[in-house]
Amino acid sequence: MSILTFRGGIHPRYNKERTAALATKPLAAPDELVLPLSQHIGAPAVATVSVGDTVLRGQTIAQPGGFVSAAIHAPVSGTVSAIEPRPTGNGTLGDAIVLANDHQDTETSYSGLGEDWAQADAATLRDMVARAGIVGLGGAAFPSHVKLAPPPDRTIDTVIINGAECEPWLTADHRLMLESATAVVSGLRIIQHILGAPNGVIGIEANKPDALRAISQAATGTPIRVVSLAVKYPQGGEKQLISACLKRRVPQGKLPMDVGVVVHNTGTAAAIHRAVVDGRPLLERIVTVTGTAVSQPANYWVRLGTPVAHVLQHCQTELTPAGKLILGGPMMGIAQKHADIPVVKSTSGILVLQPKDATTRPASPCIRCGRCVDACPMFLVPQELGAFARLRMIPEARAAAALDCMECGSCAHACPAHIPLVQLIRLAKADIHAAARKKM
Amino acid sequence: MFTNETLLALAILGSIGLVMSVLLSIGKRIFAVETDDRFDRLMDILPGANCGGCGFPGCSGFAQGLIDGTAKPTACPPGGPEVTVLIGEIMGVKLTPGEPMVAVVGCAGDHSAAPPVANYQGLRDCRAAHAVAGGAKSCAYGCLGLGTCQTACVFDAITITDTGLAIIDRDKCTACGACIEICPRQIIRLHPKRDEVHVLCINPDKPKEVKAVCTVGCTACKLCTRQSERLVMDERLAVVSPEVKADIPASCALVCPQGTIFDLRQYALSDWILDPAARRDFEQRQEAWKAEEKARKAAAREKKSASKAKPKAAPDTNTDANAEPGTDATPSAGGEA
């Protein structure tokens, strides 16, 4: 099996050995769960319960607020104690449904299609995915049913399942592929069926040979191709994955579906399997809790809405103000100022670093070494974009394709002058969007 | 000295020059580019700061906009009323200049009042810091103090204190609005220049939450609104109303238990923010005012009980009844402070 790769990228320290071998344990549900109405890209969900209502585990508590939106379900049974603004991971307050857990876990009834799902038509299956509230579980949180409904003029020939898990420290997808290999493969088959795509590919980084074995075994007897990918960040980036697996290049400003491909994360595939076969909505996800300040790192099945503080308590982790708490991985995750925020659908990891690992060196002037250019997997010139951002040269930044940047952080990681290039490019992107809004 | 050749050369060159100049002056008439003389006159009177406060790219853009009729003649903030009147003269319309405005940073919570809760090490830019989980400051509405507004200000009117707070110089500020547009937290707002009192807080949260994050935040106690009708409540926030036209008494600032209300007749803004002596002086004046107020209320009460003894003095009773809400307010102010 040859190892596939893309151009550009970096080799950060992976630090996955701390949690890679730890089997996923269910985490005890807390007394109070906070479910933000906006856990996904798109319109916020609309609450369908009111304060004081009794809810069952699995019951829908919020309906999608539009086509690009996702439903939310109660991860525990109990009562709705409040619907009010609560802190979210982006630092603002956002409307959330607060559930008081009765610790009974009385479940609502589920009706899945079982193994006969292939009899159902695409619309039925897509509707089941939508009703289950599934979003991209790799971190982007884009509602999955939207990606399963391409415009009629696009033909999708290949579905890729992203098992690269290129973010350092995280092992959530790795554990899922080991523990639920059949669900991942079955999820891919369902997605292929919905999209009418003949080819299915599962890409896994070569540093997870056990996952490669488990998935290959689960995929035997099917036409699915399991490929081994080079250990390089950002191997799991959508366009990088397509480039590595299929040697197809997604043109600038276009989507994977424009080259006949749809990419889903392993977690999403498994969730789609559960939604279609068992009829179960998305109630929990695997979260890797790790980092140098975590004394008991672990992979947990965490109910959505569980406060991060509750998770950290179980891992005996103390937060120090000088340290760092990151939701997601170290490359693309967002640093937090407190743990009073809930685990949401996109929370793939909770990373807590000690102060010595969290300090960055001050930025010095660019020496034009070009390492950021070598590292950029989108073939951009990050140092130039950074200069445009700093000088607020908006049309120039736009012309230099700032909007193509996916903020993977490879340039900032490679920069010997420690220039916060991603932050600068984000400013440029915000300026471009603001200028476009002004013109309208 | 002069040979024939020299004279000939001079004559030829001279006549070429003469013919050319005649041709040029005729050509100038024929091919003249129609320009509006108002453009040059406008360019002469506009401030030339190219701040963009009018929404046009620089002063020349604005002048062209005025001639094309796409620009609002009163839209030049740095020019002030004088320039507005001159624009009116050039354009042949009568303009009443708008109220002179000044930008005010609605936050007094520096590192000592609203300490950072995290160690932000990224790009020194408020917009970038705000995007990382809302910035490191305890208060989600307060000034991040990384100086993004300072870089946007072409009039050099903004300084960032060592304690992480933006301060705007009233005299240099032209109300062009560049800082207002770039501030990720919308803390900077325009106020009429004649307003001498500003509420330096925009945190609309509940009093308990405000107190938890900042020592100088507005806690919606409403005491200031009882001192003057200029101060009104905007939900959980006291604001100086732009509609009502009346002087703001000094007591508005003195009654505030949090010291959120800044009175520029008493202190310079930089002293108020940076100099502990100003705060100490304020506290002393506050104590003195409270004692004075107490004595006044006590006298009013006495007068009231005296007038009750003579029930026929109706008008007096009325004035006392009006003073009554204030009587309740003072002790509670003492209690909260």
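These protein sequence lines are chains A and B, in that order.
Be aware that the first sequence starts at 1, since it is given in our numbering, and climbs by one per residue.
Be aware that the second sequence starts at 1001, since it is given in our numbering, and climbs by one per residue.
Ideal Cβ positions, reconstructed from N, Cα and C, are used throughout, including at glycine.
Euclidean distance between Cα positions of residue i and residue j
| i | j | result |
| --- | --- | --- |
| B:TRP1272 | B:ILE1160 | 14 angstroms |
| A:VAL49 | A:SER243 | 45 angstroms |
| B:LYS1304 | B:ALA1295 | 14 angstroms |
| B:PRO1339 | B:GLY1065 | Because residue 1339 of chain B is not part of the residues shown, which for chain B are 1001 to 1337, the question remains open. |
| A:THR24 | A:VAL277 | 22 angstroms |
| A:LYS254 | B:GLN1150 | 38 angstroms |
| A:ALA430 | B:ALA1032 | 45 angstroms |
| B:SER1025 | B:VAL1019 | 10 angstroms |
| A:GLY260 | A:VAL250 | 10 angstroms |
| B:THR1163 | A:ARG280 | 53 angstroms |
| B:GLY1061 | B:CYS1107 | 34 angstroms |
| A:MET393 | B:MET1043 | 26 angstroms |
| B:LEU1231 | B:ARG1189 | 16 angstroms |
| B:ALA1011 | B:LYS1028 | 25 angstroms |
| B:GLY1326 | B:CYS1176 | At B:GLY1326 the pLDDT is 41, less than 50, meaning the model places this residue with poor confidence and gives no usable figure here. |
| A:THR5 | A:ASN162 | 13 angstroms |
| A:SER69 | A:ARG126 | 14 angstroms |
| A:GLY89 | B:CYS1179 | 27 angstroms |
| A:THR124 | A:PHE67 | 16 angstroms |
| A:PRO12 | A:ALA428 | 26 angstroms |
| A:GLY386 | B:VAL1154 | 22 angstroms |
| B:GLU1082 | A:ALA358 | 55 angstroms |
| A:ALA436 | B:GLU1283 | 50 angstroms |
| B:ILE1158 | A:GLY94 | 32 angstroms |
| A:ALA122 | A:PRO64 | 20 angstroms |
| B:PHE1030 | B:GLY1014 | It is Ile, not Phe, that sits at residue 1030 of chain B in the sequence shown. In a straight line, the C-alpha of B:ILE1030 is about 24 angstroms away from that of B:GLY1014. |
Candidates the options, of which the one nearest residue i by Cα
| i | options | result |
| --- | --- | --- |
| A:ALA206 | A:SER77, A:ILE3, A:CYS408, A:ALA275 | A:ILE3 |
| A:ARG285 | A:LEU176, A:VAL352, A:MET128 | A:LEU176 |
| A:PRO18 | A:VAL289, A:HIS314, A:ARG392, A:LEU312 | Rather than Pro, the amino acid found at residue 18 of chain A in this sequence is Arg. Per the Cα distances, A:VAL289. |
| A:ARG7 | A:VAL135, A:GLY65, A:VAL231, A:LEU137 | A:VAL231 |
| B:ASP1247 | B:HIS1198, B:ALA1268, B:ALA1278 | B:HIS1198 |
| A:THR54 | A:ALA74, A:GLY65, A:ALA122, A:SER38 | A:ALA74 |
| A:MET257 | A:LEU33, A:ALA428, A:ALA149, A:CYS411 | A:ALA149 |
| A:GLN336 | A:LEU37, A:GLY91, A:PRO85, A:GLN39 | A:GLY91 |
| A:ALA172 | A:SER77, A:TYR300, A:ALA219, A:ILE83 | A:TYR300 |
| B:VAL1104 | B:THR1074, B:ILE1261, B:PHE1282 | B:ILE1261 |
| A:LYS438 | B:GLY1055, B:CYS1218, B:ARG1038 | B:GLY1055 |
| A:ALA275 | A:SER81, A:THR306, A:ILE191, A:ILE97 | A:ILE191 |
| B:GLU1196 | B:THR1174, B:ALA1306, B:LYS1245 | B:LYS1245 |
| A:ASP31 | A:ASP157, A:ALA434, A:THR79 | A:THR79 |
| A:PRO168 | A:ALA43, A:ILE350, A:HIS174, A:ASN15 | A:ASN15 |
| A:ILE432 | A:ALA389, A:GLY237, A:GLN383, A:VAL159 | A:ALA389 |
Rounded distance between the beta-carbons of residue j and residue i, thought under 8 angstroms
| i | j | result |
| --- | --- | --- |
| A:ILE425 | A:TYR233 | Not confirmed; about 17 angstroms, so no contact. |
| A:GLN235 | A:CYS166 | 4 angstroms |
| B:ALA1113 | B:CYS1143 | Incorrect: roughly 11 angstroms between the Cβ atoms, too far for contact. |
| B:VAL1255 | B:HIS1191 | Not confirmed; about 20 angstroms, so no contact. |
| A:VAL129 | A:LEU195 | That pair is no contact at about 12 angstroms. |
| A:ILE350 | A:ALA417 | That pair is no contact at about 30 angstroms. |
Residue i: CB within 7 angstroms of a non-hydrogen atom of the ligand GDP
| i | result |
| --- | --- |
| B:ASP1169 | Only the bare structure without any ligand can be found here, which leaves the ligand GDP out of the picture. |
>> Would you call the stretch 1196-1204 of chain B in contact with the stretch 1228-1238 of chain B, where contact means no fewer than 3 C-beta pairs closer than 8 angstroms?
In response: yes
>> Would the stretch 176-186 of chain A count as touching the stretch 97-109 of chain A if we require 3 or more Cβ pairs under 8 angstroms?
In response: no
> Which residues, in order along the stretch 1112-1126 of chain B, keep a beta-carbon less than 7 angstroms from a beta-carbon of chain A?
Replying inline: VAL1117, ALA1118, ASN1119, GLN1121, GLY1122, LEU1123, ASP1125
> Is the stretch 1137-1153 of chain B close to the stretch 1116-1125 of chain B, with three or more CB pairs under 8 angstroms?
Replying inline: yes
>> Which residues of the stretch 1135-1161 of chain B have a Cβ closer than 8 angstroms to any Cβ of chain A? Give them in chain order.
In response: GLY1135, ALA1136, ALA1140
> Using 8 angstroms as the threshold, is the stretch 367-374 of chain A in touch with the stretch 322-341 of chain A, meaning 3 or more CB pairs across them?
Replying inline: no
>> Does the structure place the stretch 211-219 of chain A close enough to the stretch 134-154 of chain A that three or more beta carbon pairs sit under 8 angstroms?
In response: no
> Does the pairing of the stretch 264-276 of chain A with the stretch 187-207 of chain A give three or more beta-carbon distances under 8 angstroms?
Replying inline: yes
>> If the cut-off is 7 angstroms on Cβ atoms, which residues from the stretch 12-23 of chain A count as contacting chain B, listed in chain order?
In response: none
> Using a beta-carbon distance cut-off of less than 8 angstroms, what residues from the stretch 1053-1084 of chain B approach chain A?
Replying inline: none
> Three or more beta-carbon pairs under 8 angstroms between the stretch 24-37 of chain A and the stretch 309-321 of chain A, yes or no?
Replying inline: yes
> When the Cβ atoms of the stretch 35-54 of chain A are set against those of the stretch 196-204 of chain A, are three or more pairs found closer than 8 angstroms?
Replying inline: no
> Do three or more CB pairs link the stretch 1087-1106 of chain B to the stretch 398-417 of chain A at distances below 8 angstroms?
Replying inline: no
>> Counting only Cβ-Cβ distances shorter than 8 angstroms, please list the residues of the stretch 125-140 of chain A near chain B, keeping chain order.
In response: none
>> Is it the case that the stretch 56-72 of chain A contacts the stretch 113-126 of chain A, given that we only count it when at least three CB pairs across the two stretches are under 8 angstroms?
In response: no
> At a Cβ cut of 7 angstroms, what residues of the stretch 1206-1217 of chain B count as close to chain A, listed as they run along the chain?
Replying inline: none
>> Is it the case that the stretch 290-306 of chain A contacts the stretch 342-360 of chain A, given that we only count it when at least three CB pairs across the two stretches are under 8 angstroms?
In response: yes
>> So if I threshold CB-CB distances at 9 angstroms, which residues from the stretch 333-345 of chain A count as touching chain B?
In response: ILE334, ALA335, GLN336, LYS337, HIS338, ILE341
> Listed in chain order, which residues of the stretch 398-428 of chain A have Cβ atoms closer than 7 angstroms to some Cβ of chain B?
Replying inline: PRO420, GLN423, LEU424, ARG426, LEU427
> Looking at chain B, which residues of the stretch 256-267 of chain A have a Cβ within less than 8 angstroms of any of its Cβ atoms?
Replying inline: none
>> Any C-beta of chain B within less than 8 angstroms: which residues of the stretch 71-102 of chain A qualify?
In response: GLY89, ASN90, GLY91, THR92, LEU93
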